[in-house]
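Counting with our numbering, you get residues 22 to 296 for the letters of the sequence shown. Here is the structure we will look at, set down as structure tokens.
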Amino acid sequence: MRRVLFSQRMLAFHALVLVIVPGFIWLGFWQLDRWEQRSASVELQQGNLVADPVPVAELTEVGGDVDPGDRWRSVEASGTWDTEHEILLRNRDGSGGVGFHVLTPLVTEEGPALLVNRGWIQRGETALDTPEIPPAPSGTVEVTGRLHFSETEENTGLRNRDDLPEGQLLVVDVPAIAEELPYPVYGGYADLTAQDPVPDPAPERVEVRELDSGMSLSYAVQWWVFTLVAIGGWIFLMRRELSEAREAEAAGDPDDRGAVPVAAPAGDHPREDVG
22 MRRVLFSQRM LAFHALVLVI VPGFIWLGFW QLDRWEQRSA SVELQQGNLV
72 ADPVPVAELT EVGGDVDPGD RWRSVEASGT WDTEHEILLR NRDGSGGVGF
122 HVLTPLVTEE GPALLVNRGW IQRGETALDT PEIPPAPSGT VEVTGRLHFS
172 ETEENTGLRN RDDLPEGQLL VVDVPAIAEE LPYPVYGGYA DLTAQDPVPD
222 PAPERVEVRE LDSGMSLSYA VQWWVFTLVA IGGWIFLMRR ELSEAREAEA
272 AGDPDDRGAV PVAAPAGDHP REDVG
């Protein structure tokens, strides 16, 4: 038995099992961890989306950023739009495909400005064209929006480039934008959900991208099933090898019994005495 189980072929199979089984187990727990993280994000988003609006100053401040736990919370602010410092965000999706989001500072009555994403507009004839932007209402307005933390290369995979047309950006890097504005700016920005008075026309409201926990839990189960299959295959192969070895031994396999005596050639038999 020991000779069979520790043959060169079986040792290679043992080594393979010792590598893939722990790997499959680890991948299962990794997917389970991803599922737990995504489930927590889904729960946070759903809870924050239905929470009552609060004044923007309760959730962010000048020079700070939005806490990840406050993302998607609704905030309220009153002030005037500063369209002279309006920014177009490139490569943003809307009902008509890829276009722009219109980011406009709202200078609040308290003094600091809140960067507000007023919504999506279509792109121009070419990627370098600046499309016509629906004007923001003049005078004092009251707005409500979903709060987001500042966009960075780490959380988007993108970064602003120096070769973009003037007034256009790829990400909402709030600290960088604030350096170019003549007033203090709250951390983070908001997607507009309501305003009074209501303009017409207006940019298309930004839809919420609802999160889901994805397929991570099913993937975790699949990796653990693969683990059981690998262990089952390992046991099956060992039993088959042992069974074949026993059958060969029972059948008198020459390899197991040693050399078979060879008959002497004809004519070499000893003489029989004649009586």
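Here a beta-carbon is modelled for each residue, glycine too, at the ideal position from N, C-alpha and C.
(Q) For Leu53, tell me which candidate among Gly253, Gly235, Arg267 and Met259 has the shortest Cα-Cα distance. (A) Gly235
Q. Quick check: the region 115-127 against the region 259-267, are there 3 or more CB pairs under 8 Å?
A. no
**Q.** Own chain residues within Cβ distance below 6 Å of Thr248, not counting five before or after
**A.** Val42, Phe45 and Ile46
Q. Hey, would you say Gly166 sits closer than 7 Å to Thr214, going by beta carbons?
A. yes
Q. So the beta strand (DSSP E) Arg111 belongs to, where does it begin and stop?
A. Ile108 to Gly115
Q: Taking Ile154 as part of the beta strand (DSSP E), name the residues at either end of that continuous run.
A: Ile154 -> no beta strand (DSSP E), and no H or E assigned at all.
Q. Which class does Gly202 belong to by DSSP, given the choice of helix, strand or coil?
A. The amino acid at residue 202 is misidentified as Gly; the sequence shows Leu. Of the three classes helix, strand and coil, the one that applies to Leu202 here is coil, per DSSP.
(Q) Just to confirm my understanding: we take Val193, look at its own chain, exclude 5 residues before and 5 after, and list those with CB closer than 8 Å. What are they? (A) Leu110, Leu124, Leu136, Asn138, His169, Ser171, Glu172 and Tyr210
Q | Option nearest His106 by Cα separation, candidates Val164, Trp255 and Ala157 | A | Ala157
(Q) Distance check for Asp114 and Leu80, CA to CA, integer angstroms please. (A) 27 Å
Q: Examine the Cβ distances between the region 95-103 and the region 67-75 and report whether three or more of them are shorter than 8 Å.
A: yes
**Q.** Chain-order list of residues whose beta-carbon lies under 8 Å from that of Gln216 (same chain, five-residue window excluded)
**A.** Pro158, Val162, Glu163, Val164 and Thr165
Q.
Is the separation between the beta-carbon of Gly140 and that of Arg230 shorter than 7 Å?
A. no
Q.
Assuming contact is defined by CB atoms lying nearer than 7 Å, are Ala134 and Tyr204 in contact in what I supplied?
A. yes
Q) For Pro186, does the count of other Cβ atoms within 10 angstroms reach 16, so buried, or fall short, so exposed? A) exposed
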